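*Asks:* Below is one structure. I have some questions about it.
There are 2 protein chains.
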Amino acid sequence: MSIKIGIFGYGNLGRGVESAIRQNSDMELVAVFTRRAPETLKINTPSVPVVSADSVKDYIGKIDVMILCGGSATDLPVQTPALASMFNVVDSFDTHARIPEHFEKVDAAASASGKVAVISVGWDPGMFSLNRMYAGAILPDGKDYTFWGKGVSQGHSDAIRRIEGVIDAKQYTIPVESALEEVRSGSNPSLTVRQKHTRECFVVADDTADKAAIEEKIKTMPNYFADYDTTVHFITKEELDRDHSGIPHGGFVIRTGSTGLSGEHKHVIEYSLKLDSNPEFTASVIVAYARAAYRLNSEGSVGCKTVLDIAPSYLSPKSAAELRRELL
Amino acid sequence: MSIKIGIFGYGNLGRGVESAIRQNSDMELVAVFTRRAPETLKINTPSVPVVSADSVKDYIGKIDVMILCGGSATDLPVQTPALASMFNVVDSFDTHARIPEHFEKVDAAASASGKVAVISVGWDPGMFSLNRMYAGAILPDGKDYTFWGKGVSQGHSDAIRRIEGVIDAKQYTIPVESALEEVRSGSNPSLTVRQKHTRECFVVADDTADKAAIEEKIKTMPNYFADYDTTVHFITKEELDRDHSGIPHGGFVIRTGSTGLSGEHKHVIEYSLKLDSNPEFTASVIVAYARAAYRLNSEGSVGCKTVLDIAPSYLSPKSAAELRRELL
């Protein structure tokens, strides 16, 4: 008996979930839900129905876990509570500052329906949060550092695209190697935003555009670029498509701390990710937590949870005894 | 109201637990139990009583969690079940192959007494097991690699000390950098024991000893050294005490795997530790899980658990809401 999964929203993340399900033999994709006209959507698993989001109620009882693949800005704040009133759900809500508020709304919905909802699943929030949590509990006298990249920031790429004269753009966030080394040394540095990351932009401009003006606009853009050392490269659309079509990402969570009667021993805990595809990796984390949501609910758990609240063994298809034998 | 901790056994690990408790303001050390004559043992917290192991029963109801600091070979297989019949307990049982058997015995004792026992806590088994578990669940199509070091192996150091003519010795296990790089590249190499680690030995020999014979005995010792590239340095006792008195260790857990419809995207998940003091870091992990044991038992949980069975948030003194706000 496999776990029946629904995908709600079919963009990069939805496609990632679709392919991740194929890697997990205890799971089965039941339907993909879309707000577009279903007949216009071609998915990678032709045997699976594409269904209008309006008909999602018809699938109550037919889907064990609904995986929400919408955006955090406007989709998930509405969709997660709504769908948690019908299904166990997992989302990747990643607006860090609004997680407590999102949690409360989803918890109310899932508690009322008797379902489990797991929110903010992925790698940050998600695996990075977990690692900050473990490392902080182990080394209470210490300091956390998070670096992102090298990887594509969708938000920064979009911000460049909104500049007049820009046809397309891709922005890479790059951790500063010397800052990483300083952190690993255990010297507990205080690092400014500028010292931790640089930003590299590949921009396709209109032939008639003033490139110097575009470069200036990027480098001085508040919040996005002004606080960073930013490099801008103008390239052709062909070069952009050829060399920058991927969505790689990754990063580092490092905690340094000390132990001993007078803090005489230093320790470094480091977790890092190097990802060819940000959405596919995020999807892979989500699918593991979909298994956890299903199992928790089968045991009688209800309400909203995050990665911090779920015991690791729930993520695996293996039994507790197998895990002890193979992994401990 | 602080969590009342007992330490059972006062070697390097026991002293590490003692100092870790001072870093956690929600915990209090109640007593140290020893099989030696209590009056001969001087601990680092003079206000805390040193008590004969024979009197441990007198502390039932006065200690929330007993932390077992004995060895895995002969102490813990007997002590953990015995003490789990009286207290919540945490141990660092690390004989990997015997964990399932140890689990069964401890589970029977803790289930009968209504206590929680957490076994095999530390970094391997422990944090490394956790990371293998998470990474394996996220990337089912992938491969795990564990490297240890650079660090002191107590077992290998002891093996050298047993050779005739050897006064003292310290052995370092060192991961091969080129093997680490090959793994991180995602090329999924098959690595022999010899390709993953080298062994470096610092040996103090008797003046009259045949050094060439000692070196030969070390390098050809089955199980311990024969399968490795081993370097032997003869040094003086003064040099050994001056340069090799620490107990550093660490290591790397790396999983590489692929996602996508045809496995076209590669990912690398890496967790690493660099520890100045192996016993103090192990103790710090144990103390965090002592908090979890106490909280789980307060909620009504009983029986034996491992790090795989415990939700991360139980390790932290912070509330679930605080953790969501600060870490997600």
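First to last, the protein sequences are chains A and B. With this note's numbering, the residue at position 9 of the first sequence is 5, and numbering never jumps. With this note's numbering, the residue at position 88 of the second sequence is 84, and numbering never jumps. Virtual Cβ for every residue (Gly too), placed ideally from N, Cα, C. The structure presented is a predicted model; accordingly, all values stated were derived computationally and were not measured.
1) Assuming the contact rule is C-beta atoms closer than 8 Å, MET384/A and LEU79/A should be a hit. Round their C-beta distance to whole Å, please.
2) On the three-pair Cβ rule with 8 Å, is the region 147 to 154 of chain A touching the region 167 to 182 of chain A?
3) Would you list, in sequence order, the uninterrupted beta strand (DSSP E) runs of no fewer than 3 residues that lie entirely inside the region 75 to 112 of chain A?
4) From what residue to what residue does the alpha helix (DSSP H) around ALA165/B run?
5) Thinking C-beta only, is ASP164/A closer than 8 Å to LEU271/A?
6) What is the C-beta distance between LEU311/A and TYR285/A, in whole angstroms, given that I count them as a contact (C-beta under 8 Å)?
7) Taking Cβ-Cβ distances shorter than 7 Å, what residues in chain B pair up with THR302/A?
8) Note down, one range per segment and in chain order, each alpha helix (DSSP H) of at least 4 residues found wholly within the region 184 to 232 of chain A.
9) Strictly under 8 Å for the Cβ-Cβ distance: is SER68/A near chain B by that measure?
10) Is the Cβ-Cβ distance between THR227/B and GLU196/B less than 8 Å?
11) Tell me which same chain residues have a C-beta within less than 6 Å of the C-beta of VAL114/B, skipping the five on either side of it?
12) So the candidates are CYS65/B, TRP119/B, GLU177/B; which of them puts its Cα closest to the Cα of ASN274/B?
13) Are the Cβ atoms of SER(-2)/B and ASP22/B separated by less than 8 Å?
14) On the three-state DSSP scale, how would you describe ASP140/A?
15) For LYS146/A and VAL200/A, which I take to be in contact (beta-carbon distance under 8 Å), what is that distance rounded to the nearest angstrom?
16) Can you tell me where the beta strand (DSSP E) with GLU295/A in it begins and where it stops?
17) Interface residues of chain A around PRO96/B at Cβ under 8 Å?
18) DSSP on MET123/A, reduced to helix/strand/coil?
19) For the region 246 to 270 of chain B, which residues have a CB atom closer than 7 Å to at least one CB atom of chain A, in sequence order?
20) Would you call the CB atoms of ASP26/A and LYS58/A closer than 8 Å?
21) Put ALA27/A into one of helix, strand or coil per three-state DSSP.
22) Is THR257/B helix, strand or coil when you go by DSSP?
23) Within the same chain, show all residues whose beta-carbon is closer than 6 Å to that of SER48/A, passing over the 5 residues directly before and after it, in chain order.
24) Buried or exposed for GLU211/A, please, with buried defined as at least 16 other CB atoms from any protein chain shown within 10 angstroms of its CB.
25) Does the beta-carbon of THR76/A have 16 or more other beta-carbons within 10 angstroms, so that it is buried, or is it exposed?
26) Can you list, in chain order, the residues of its chain with a C-beta nearer than 7 Å to that of PHE221/B? Leave out the 5 residues immediately preceding and following it.
27) Under a three-way DSSP split, which group does TYR267/B fall into?
28) Contact between the region 126 to 137 of chain B and the region 239 to 258 of chain B is defined here as three or more beta-carbon pairs at a separation below 8 Å; is this criterion met?
29) Does any C-beta atom of chain B lie closer than 8 Å to the C-beta of ILE129/A?
30) Could you tell me whether the Cβ of VAL148/B comes closer than 8 Å to any Cβ of chain A?
31) List the residues of chain A whose Cβ lies closer than 8 Å to the Cβ of HIS152/B, in chain order.
32) What does DSSP give as the partner residues of PRO(-3)/A in its beta bridges?
33) Taking a cut of 8 Å between CB atoms, which residues from the region 26 to 44 of chain B lie near chain A?
34) Got a sec: which bits of the region 216 to 232 of chain A sit with their beta carbon under 7 Å from any beta carbon on chain B, in order along the chain?
35) What's the gap between the Cα of LEU304/B and the Cα of GLY132/B?
36) Would you call LEU134/A buried or exposed, if buried means 16 or more other Cβ atoms sit within 10 Å of its Cβ?
*Replies:* Answer, in terms of the structure:
1) Outside the modelled stretch of chain A, which goes from -3 to 324, sits residue 384/A, for which no answer is possible.
2) The region 147 to 154 of chain A, when compared against the region 167 to 182 of chain A, does touch it at the 8 Å Cβ threshold.
3) Listed in chain order, they are 84 to 86.
4) Against the second sequence, residue 165/B aligns to sequence position 169. First-last for ALA165/B: 162 to 171, but that is the beta strand (DSSP E), not the alpha helix (DSSP H).
5) Locating residue 271/A in the first sequence gives position 275, counting from the first residue. Locating residue 164/A in the first sequence gives position 168, counting from the first residue. At a Cβ-Cβ threshold of 8 Å, LEU271/A and ASP164/A do not count as neighbours.
6) Taking the first residue of the first sequence as position 1, residue 311/A is located at position 315. Taking the first residue of the first sequence as position 1, residue 285/A is located at position 289. About 7 Å separates the CB atoms of LEU311/A and TYR285/A; that is less than 8 Å, so the two are in contact.
7) On the first sequence, position 306 is the one that residue 302/A refers to. Per Cβ cutoff of 7 Å: ARG320, LEU324.
8) 189 to 192, 207 to 215, all fully within the region 184 to 232 of chain A.
9) Along the first sequence, one-based indexing puts residue 68/A at 72. SER68/A does not count as touching chain B.
10) Residue 227/B sits at position 231 when you count from the first residue of the second sequence. Residue 196/B sits at position 200 when you count from the first residue of the second sequence. Going by C-beta atoms, THR227/B is nearer than 8 Å to GLU196/B.
11) Translated into positions along the second sequence, residue 114/B becomes position 118. Cβ within range, chain order: VAL86, TYR285, ALA289, LYS301.
12) The residue you call residue 274/B lines up with position 278 of the second sequence. ASN274/B has its Cα closest to that of TRP119/B, out of CYS65/B, TRP119/B, GLU177/B.
13) Translated into the one-based positions of the second sequence, residue -2/B becomes position 2. Translated into the one-based positions of the second sequence, residue 22/B becomes position 26. Taking 8 Å as the Cβ cut-off, SER(-2)/B and ASP22/B qualify as a contacting pair.
14) Numbered from 1 along the first sequence, position 144 holds the residue referred to as residue 140/A. Three-state result, ASP140/A: strand.
15) Position 150 of the first sequence, counting from 1, holds the residue named residue 146/A. Position 204 of the first sequence, counting from 1, holds the residue named residue 200/A. VAL200/A and LYS146/A do not touch by the CB rule: their CB atoms are close to 21 Å apart, not below 8 Å.
16) Working through the first sequence from its first residue, we reach residue 295/A at position 299. Here GLU295/A belongs to no beta strand (DSSP E), and DSSP marks it neither H nor E.
17) By 1-based counting over the second sequence, the position of residue 96/B is 100. Going along chain A in sequence order, the residues near PRO96/B (Cβ under 8 Å) are ALA317, ARG320, ARG321.
18) By 1-based counting over the first sequence, the position of residue 123/A is 127. Of the three classes helix, strand and coil, the one that applies to MET123/A here is helix, per DSSP.
19) The residues in question are THR255, GLY256, LEU257, HIS261, LYS262, HIS263, VAL264, ILE265, GLU266, TYR267, SER268, LEU269, LYS270.
20) In the first sequence, residue 26/A corresponds to position 30, counting from 1. In the first sequence, residue 58/A corresponds to position 62, counting from 1. Before going further, note that residue 26/A is Val rather than Asp in the sequence given. Going by C-beta atoms, VAL26/A is nearer than 8 Å to LYS58/A.
21) Counted from its first residue, the first sequence places residue 27/A at position 31. Taken through DSSP and simplified to helix, strand or coil, ALA27/A comes out as strand.
22) For the purposes of this step, residue 257/B is identified with residue 261 of the second sequence, where counting begins at 1. Going by the sequence as given, residue 257/B is Leu instead of Thr. Secondary structure of LEU257/B (DSSP, three-state): coil.
23) Start at 1 with the first residue of the first sequence, and residue 48/A comes out as number 52. The residues are PRO34.
24) The residue you call residue 211/A lines up with position 215 of the first sequence. The C-beta of GLU211/A has 16 or more other C-beta atoms within 10 Å across all chains shown, which makes the residue buried.
25) Start at 1 with the first residue of the first sequence, and residue 76/A comes out as number 80. Around the C-beta of THR76/A, 16 or more other C-beta atoms lie within 10 Å, and the residue is accordingly described as buried.
26) Along the second sequence, one-based indexing puts residue 221/B at 225. Answer for PHE221/B: ARG195, ILE214, LYS215, listed in chain order.
27) Here the question's residue 267/B lines up with position 271 in the second sequence. Strand, per DSSP.
28) Enough Cβ pairs lie closer than 8 Å, so yes.
29) Numbered from 1 along the first sequence, position 133 holds the residue referred to as residue 129/A. It should be noted that the sequence gives Met, not Ile, for residue 129/A. The C-beta of MET129/A comes closer than 8 Å to at least one C-beta of chain B.
30) The residue labelled residue 148/B in the question sits at position 152 within the second sequence. No, VAL148/B lies away from the interface with chain A (no Cβ there is under 8 Å from its Cβ).
31) Looking up residue 152/B in the second sequence gives position 156. In chain order: nothing, as chain A lies at least about 22 Å away.
32) As a position in the first sequence, residue -3/A is number 1, starting the count at 1. In the sequence as displayed, the identity of residue -3/A is Met instead of Pro. Bridge partners of MET(-3)/A: none, in fact.
33) Flagged, chain order: ASN40.
34) Answer in chain order: no residues at all.
35) Mapped onto the second sequence, residue 304/B falls at position 308. Mapped onto the second sequence, residue 132/B falls at position 136. Rounded to whole angstroms, LEU304/B to GLY132/B spans 13 Å at the Cα level.
36) Here residue 134/A refers to the residue found at position 138 of the first sequence. Strictly speaking, residue 134/A in this sequence is Ile, with Leu absent from that position. Buried, since its Cβ has 16 or more Cβ neighbours within 10 Å.
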